[in-house]
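Worksheet: one structure, shown below.
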Amino acid sequence: MESFPVINMENLNGEERAATMEIIKDACENWGFFELVNHGISHELMDTVEKLTKEHYKKCMEQRFKEMVARVGLEAVQSEINDLDWESTFFLRHLPTSNMSEIPDLEEDYRKAMKEFTAHLEKLAELLLDLLCENLGLEKGYLKKAFYGSQGPSFGTKVSNYPPCPQPELIKGLRAHTDAGGIILLFQDDKVSGLQLLKDGQWIDVPPMRHSIVINLGDQLEVITNGKYKSVMHRVIAQTDGNRMSLASFYNPGSDAVIYPAPALVEKEKEKSEVYPKFVFEDYMKLYAGLKFQAKEPRFEAMKAMEPTVNLGPIATV
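Each residue of the sequence shown is one higher than the one before, starting from 1 at the first, in the UniProt record's numbering.
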């Protein structure tokens, strides 16, 4: 079996660059996922964020989760549960405006560490988008501009804990879905695994590696690349032991950004008649909210049907 793509980012600076860009290209075209090591974010900072995230869960969220489980009565459940995820989460928004100061129970040192960590992730997301531009033959900055909208991109982090589950065969940690947005940067537990992606009809484990950042592509990059890069179905399997921590940061288009296939990529594939729709990102998100755990193709079709309402003004340039 092919091995999961791991990119050593230090190799982008030397004679390994071309080979490394090739691995990124193959990962985007055939996996929708890859894992970054030597990405430049300090291991010490990552360890601090992990420690504080786990402490925050224990102190502020674990009890609530246990109460929810008691309410659902999982111990008594015999059949598979399809409308619940075995996860305890909260969301932090960083761009266009931060909501960090409004989240209750966040200790000051946790807030500070998260702020520093996500600032690094934001830079990393923008660097990655430019590497994708390079591989796609798009001008540098094209993807960032495409995400820009009137207020810049939206960027936020979903902080999740997947507690031990007594009956993992009956409930998913997080049901299978593709991500709606742009590019996703995941800092996951390196001891407790659980993340899987669908490749060629098989569920494949995303290997937990210490201090790595896992990257996956969302639906918007599939649209902008006109299907050259695909967003991929993935899920989290609940585990019987260990509490899995996951910090998923979503670098997405701004809500009013107009998303459509890059003209340069559509022209290259003139013989292919399949062109993805053009839409306002916020409209896509409204649709996605109700259909997250279903196939993405009908979402794209629905956006095509809505197309005439989009005001196709010039793309905002920064």
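Just so you know, even glycine gets a beta-carbon here, dropped at the ideal spot from N, CA and C.
Looking only at its chain, what residues have a beta carbon closer than 6 Å to the beta carbon of residue i, apart from the 5 residues adjacent to it on each side?
| i | result |
| --- | --- |
| Glu2 | none |
| Phe4 | Pro207 |
| Arg244 | Tyr162, Asp189, Val192 and Gly194 |
| Ala27 | Pro5 and Phe34 |
Does the distance from the CB of residue i to the CB of residue j come in under 8 Å?
| i | j | result |
| --- | --- | --- |
| Val223 | Leu197 | no |
| Pro263 | Tyr276 | no |
| Val159 | Thr89 | yes |
| Gly218 | Ala180 | yes |
| Trp31 | Lys199 | yes |
| residue 341 | Ile215 | This structure does not reach residue 341, given that the chain is present from 1 up to 318, and the question cannot be answered. |
| Leu265 | Leu136 | yes |
| Phe293 | His211 | no |
| Asn99 | Leu92 | yes |
| Pro164 | Gly242 | yes |
| Met46 | Phe187 | yes |
Could you tell me the alpha carbon to alpha carbon distance between residue i and residue j, rounded to whole angstroms?
| i | j | result |
| --- | --- | --- |
| Ser249 | Ile213 | 10 Å |
| Asn161 | Ala238 | 11 Å |
| Glu29 | Ile183 | 14 Å |
| Phe34 | Glu297 | 23 Å |
| Arg175 | Gly254 | 26 Å |
| Met9 | Pro153 | 24 Å |
| Leu12 | Ala19 | 9 Å |
| Glu15 | Met68 | 53 Å |
| Glu44 | Thr53 | 14 Å |
| Thr240 | Pro166 | 6 Å |
| Asn82 | Ile171 | 7 Å |
| Gly173 | Tyr57 | 16 Å |
Measuring alpha carbon to alpha carbon, tell me which of the options ends up nearest residue i.
| i | options | result |
| --- | --- | --- |
| Gly141 | Arg111, Leu127, Asp190 and Gly149 | Leu127 |
| Asp205 | Thr48, Gly218, Thr178 and Val236 | Val236 |
| Met303 | Lys292, Ala125, Asp283 and Phe293 | Asp283 |
| His39 | Glu108, His56, Asn82 and Ala125 | Ala125 |
| Met114 | Gly149, Thr48, Ala176 and Pro104 | Thr48 |
| Asp109 | Gly201, Val266, Glu55 and Ala295 | Glu55 |
| Ile41 | Leu221, Pro166 and Phe117 | Phe117 |
| Val258 | Glu50, Ala305 and Phe147 | Phe147 |
| residue 319 | Glu22, Lys145, Tyr251 and Phe300 | Outside the shown range of the chain (1 to 318) lies residue 319, about which nothing can therefore be said. |
| Arg71 | Lys59, Asn99 and Leu84 | Leu84 |
| Arg111 | Phe300, Glu80, Leu138 and Lys51 | Lys51 |
By Cβ distance below 8 Å, which residues in the same chain neighbour residue i in space, the five residues on each side in sequence not counted?
| i | result |
| --- | --- |
| Arg64 | Ser88 |
**OP:** Please list the segments of the alpha helix (DSSP H) lying wholly inside the region 31–110, counting only runs of 4 or more residues, in order along the chain.
**Re:** 43–56 and 62–72
Original post:
Where are the beta strand (DSSP E) runs, 3 residues long or more, that stay fully inside the UniProt domain "Fe2OG dioxygenase" (153–253), in chain order?
Top reply: 154–162, 172–177, 183–188, 195–199, 202–205, 213–217, 234–237 and 244–252
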